[in-house]
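Here the structure comes first, spelled out in structure tokens, and everything after it is commentary.
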Amino acid sequence: MYRTVKVLRPEAATRTPNPRSPMSEYSVRSSPGAGRSDSSFRMLKTTSLAPLLLKSPGLPPVSSTSSSHPFREPLLHRASPGAWRLSGTLLLLLLAGRVGANGADAPTTASRPDTRYVASLAGAWGTTKLLGGATDPDRGSTQFQLGWRKTLRQRPGLLLEYALEVVPIELAFGTRVAASRSAQRIATVYGAGLDPLGLEAHFGQGRLRPYAALRTGFRVFARQVPTPRGTHFNFVFDAGAGLEWRLRSERWVFAAVELHHLSNGGLGEANPSLNLVALRAGLALRR
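The C-terminal position of the sequence shown is numbered 361 in the working numbering, with every residue numbered one higher than the one before it.
Structural data, given as structure tokens:
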């Protein structure tokens with residue numbers, strides 16, 4: 075952009091650089107040897123108003139003699155290396171703090187017993203009339219079980235586990251078996267089975283915590299139980315409650331009182347049942 079300015083005093087104009095002028099690239103200087111004329115002009119090459127705008131507080135000055143336009147130069151190129159280093163350091167500190175906070179809030183794997191292995195022994199002496207069935211005073215049962223527990227859900231104060239029990243030995247004491255067509259005798263009958271459906275709920279977060287358990291499965295005995303009119307195959311159902319004591323981070327001992335129900339579910343000519351109150355104790359190990 076060019077603008078023509080008329081000078082009142084005639085003089086010869088020579089162009090010399092004037093770095094102090096923000097609006098013009100040249101100024102006028104008198105030359106003694108130059109001739110006079112009625113009118114003389116000087117041409118002032120003016121630049122855009124960008125240098126004035128860039129001279130506002132907080133922005134670095136830009137030279138008008140620069141070969142590149144001030145608005146064409148990216149602002150990112152004007153930042154000093156020290157500013158970039160400071161910004162990078164602050165960003166790394168913020169990211170590190172965020173990761174640390176997330177790690178502190180996340181539960182640790184060691185506090186979650188995802189899988190446990192259980193070995194227990196149960197003994198029952200005496201029947202109960204709670205659900206009917208045989209009420210012989212000499213009835214009893216002994217069971218040895220190997221179990222597997224898997225965490226289903228865990229929240230503060232509550233732990234739900236799926237329970238699977240393998241029963242390699244169950245001895246039914248005081249069982250009446252047929253000695254002949256008209257006589258009976260009392261014997262101990264061997265059996266084994268599996269409890270594939272089970273659920274345990276543990277309450278509290280201390281070393282000593284109560285729990286409740288439900289299990290169901292089947293047993294196969296060498297003779298008909300619980301009476302000669304019974305069957306070799308029987309269904310079982312166990313419900314109990316007890317206490318669990320943590321010895322170490324990966325070991326527990328427990329004791330419980332359970333109701334042990336046995337019947338054939340109508341698979342035979344008759345469906346005699348047996349209901350026993352059992353005491354169970356065992357050891358649990360976390361994987």
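All C-beta atoms, glycine included, are put in the ideal place defined by N, C-alpha and C.
In this structure, the CA atom of Trp326 is about 35 Å from the CA atom of Gly339. Cβ neighbours of Ile243 within its own chain (closer than 6 Å, five residues either side excluded): Phe218. In the DSSP assignment, Asp269 is bridged to Glu239. For the pair Arg250 and Val241, the Cα-to-Cα distance works out to about 22 Å. Under a 10 Å Cβ-count criterion, Thr305 is classified as buried, with 16 or more other Cβ atoms of the shown protein chains found around its own Cβ. When secondary structure is reduced to three states using DSSP, Pro284 falls in the strand class. Taking all protein chains shown into account, Pro346 has 16 or more neighbouring C-beta atoms within 10 Å of its C-beta and is therefore buried.
Among the bridge pairs identified by DSSP, Gln219 is matched with Ser194. Contact check for Asp312 against Arg293 fails: the beta carbons are separated by 7 Å or more. Less than 7 Å divides the Cβ of Ser215 from the Cβ of Leu350. In the DSSP annotation of this structure, Asn345 is not part of any beta strand (DSSP E), being labelled neither H nor E.
In this structure, Thr209 lies near Thr201, with their beta-carbon atoms less than 7 Å apart. Excluding sequence positions up to five before and after Leu233, its CB lies within less than 6 Å of the CB of His276, all in the same chain and listed in chain order. Runs of the beta strand (DSSP E) lying entirely within the stretch 307 to 355, each at least 3 residues long, are 325 to 337 in chain order. Residue burial is scored here from C-beta neighbours: Gly272 has at least 16 other C-beta atoms within 10 angstroms and is therefore classed as buried. Ranked by Cα distance from Gly316, the options Pro284, Ala344 and Arg297 are led by Pro284.
Secondary structure of Thr202 (DSSP, three-state): coil.
Contact between Ala193 and Leu357 holds, since their C-beta atoms are separated by about 6 Å, short of 8 Å. Around the CB of Gly280, fewer than 16 other CB atoms lie within 10 Å, so the residue is classed as exposed. Using a Cβ distance threshold of 7 Å, Gly265 and Phe295 count as a contacting pair.
Taking 7 Å as the cut-off, the Cβ atoms of Gly291 and Leu321 do not count as close. Ranked by Cα distance from Pro270, the first of Leu220, Arg259, Ala344 and Leu341 is Leu220.
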